[in-house]
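In our numbering, the protein residues as written are 1230 to 1454. We put the beta carbon where it would ideally sit given N, CA and C, even for glycine. Step one of this worksheet: look at the structure below.
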Ligand code: SF4
């Protein structure tokens, strides 16, 4: 398959191609935002048997866990959660509230390291990131090789905008995180997420007040196909 062909595929076509190409070595990561709702529904509609890996930092909002439970119930997801040290253990090792002093290290401990471990058995990883979410994601290709994780990264929603995500959720009546309706257009951990006003960028409420834009799991030197 040529890179140009992959880039012109719809989200559904890319997921079907990935399932044929990678079989059981394909997984979908979810943080239970609106893109997770779209992708678990789409994978289910296509009747693809894909493992779901939950990136749970133990610092999510109650509504996020409730969204996870609703999606697991409705779609019968086969869910795995990579191990992560407890917040209390992190306080003991690193001092209290590491997210205030060194959010990059906190994200490394609670997101990047668990993801590295979780992706071990897989050859490809489906993620819901979109180009229009922020300038740091504007060049996201639909398929890219990740040196850092040793897997192919697949972004079926790379060319979707926020409006299209919401339309898909509404038309298909998919459960979604209710915090999105309370001004949280992007949702992460409680200490690092705030609601935003309509004129701000979609991810402006993440690590607000700092120059941090990404948790780090999508940041690396990568090779496009
Ligand atoms: S988003 Fe904040 S609390 Fe969550 S892992 Fe990163 S720095 Fe820590």
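Legend entry - Spatial distance of residue 1504 from residue 1263 (CA atoms): This structure gives no information on residue 1504, because the portion of the chain shown stretches from 1230 to 1454.
Legend entry - Close Cβ partners of residue 1330 (< 8 Å) along its chain, the five nearest in sequence each way excluded: 1324
Inset, instruction - Kindly indicate the opening and closing residues of the alpha helix (DSSP H) around residue 1274. - result: 1263-1274
Inset, instruction - Please list the segments of the beta strand (DSSP E) lying wholly inside the stretch 1305-1365, counting only runs of 3 or more residues, in order along the chain. - result: 1353-1355
Legend entry - Residue closest to residue 1367, alpha-carbon to alpha-carbon, out of 1418, 1344, 1308, 1447: 1447
Legend entry - Which listed residue (1436, 1430, 1404, 1424) has its alpha carbon closest to that of residue 1271: 1404
Legend entry - Helix, strand or coil at residue 1279 according to DSSP, with G and I counted as helix: coil
Inset, instruction - Using only the heavy atoms of ligand 1, determine whether one of them is closer than 7 Å to the beta carbon of residue 1286. - result: yes
Legend entry - Cα-Cα separation, residue 1235 to residue 1373: 10 Å
Legend entry - Residue environment, residue 1322, which counts as buried when at least 16 other CB atoms sit within 10 Å: exposed
Inset, instruction - Give the single residue among 1377, 1383, 1376, 1378 whose Cα lies nearest to the Cα of residue 1369. - result: 1383
Legend entry - C-beta contact flag for residue 1311 and residue 1347 at 8 Å: yes
Inset, instruction - Could you tell me if the beta carbon of residue 1261 falls within a distance shorter than 7 Å of some heavy atom in ligand 1? - result: no
Legend entry - Member of 1353, 1418, 1239 whose CA lies at the smallest distance from the CA of residue 1252: 1353
Inset, instruction - In angstroms with no decimal places, state the Cα-to-Cα distance between residue 1274 and residue 1302. - result: 15 Å
Legend entry - residue 1417 CB to nearest heavy atom of ligand 1 below 7 Å: yes
Inset, instruction - Please confirm if the stretch 1392-1403 is in contact with the stretch 1423-1437, defined as three or more CB-CB distances below 8 Å between the two stretches. - result: no
Inset, instruction - Can you say whether residue 1231 is buried or exposed, counting buried as having 16 or more other CB atoms within 10 angstroms of its CB? - result: exposed
Inset, instruction - Please confirm whether residue 1292 and residue 1363 have their CB atoms less than 8 Å apart. - result: no
Legend entry - residue 1233 versus residue 1371 - alpha carbon distance: 10 Å
Inset, instruction - Count the other C-beta atoms from every protein chain shown that fall within 10 angstroms of the C-beta of residue 1392, then say buried if there are 16 or more, exposed otherwise. - result: exposed
Legend entry - DSSP bridge partner residues for residue 1244 (one or two, in chain order): According to DSSP, residue 1244 bridges with nothing at all.
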